[in-house]
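S.K.: Residue numbers (the working numbering): 7 to 131.
By construction, the Cβ of each residue, glycine as well, lies at the ideal position given by its N, Cα and C atoms.
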């Protein structure tokens with residue numbers, strides 16, 4: 007009920023989801039490590055706020071793929087407003103971040119890249 011005024015309907019397609027990612031000033035992610043929502047958001051030109059964790063610099067962690075403050079906005083639960091304020095105030099910075107992240111995703115992190123890596127891993131067995 008608290009979020010009912012903000013609900014605008016079910017997103018039924020990839021293109022609808024991509025439109026929401028692009029049209030939102032910031033998109034929030036609090037999951038463990040990067041996964042399909044991370045790549046979908048960034049690849050569609052959305053700016054991602056990623057909840058920082060101790061695993062971000064470990065193998066498979068967010069910082070193994072993307073650079074904080076360049077490709078995404080790292081955030082913590084404490085001081086969130088202050089952390090995102092500079093990005094909300096600077097649409098040019100957000101657009102540059104969105105463009106750079108999208109280029110990186112399209113260049114290195116599509117399903118075709120994943121499939122090729124799986125095939126290389128199988129060949130190495």
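Can you list, in chain order, the residues of its chain whose CB lies under 7 Å from that of residue 39, leaving out five sequence neighbours each side?
M.R.: Contacts found: 61, 66, 67, 68.
S.K.: Over the uninterrupted alpha helix (DSSP H) stretch that includes residue 23, give me the two end residues.
M.R.: Looking at the DSSP string, the run of the alpha helix (DSSP H) that includes residue 23 is 20 to 29.
S.K.: Based on Cα-Cα distance, which residue from 85, 129, 80, 22 lies nearest to residue 103?
M.R.: Measuring from the Cα of residue 103, the nearest candidate turns out to be 80.
S.K.: Return the first residue and the last residue of the beta strand (DSSP E) that residue 17 is part of.
M.R.: Here residue 17 belongs to no beta strand (DSSP E), and DSSP marks it neither H nor E.
S.K.: From 88, 24, 70, 37, pick the residue whose C-alpha is nearest to that of residue 53; which is it?
M.R.: Minimum Cα distance to residue 53 is reached at 24.
S.K.: Below 8 Å on the Cβ atoms is my contact criterion, and I expect residue 47 with residue 27 to pass it. Report the Cβ-Cβ distance as a whole number of Å.
M.R.: Confirmed, about 5 Å.
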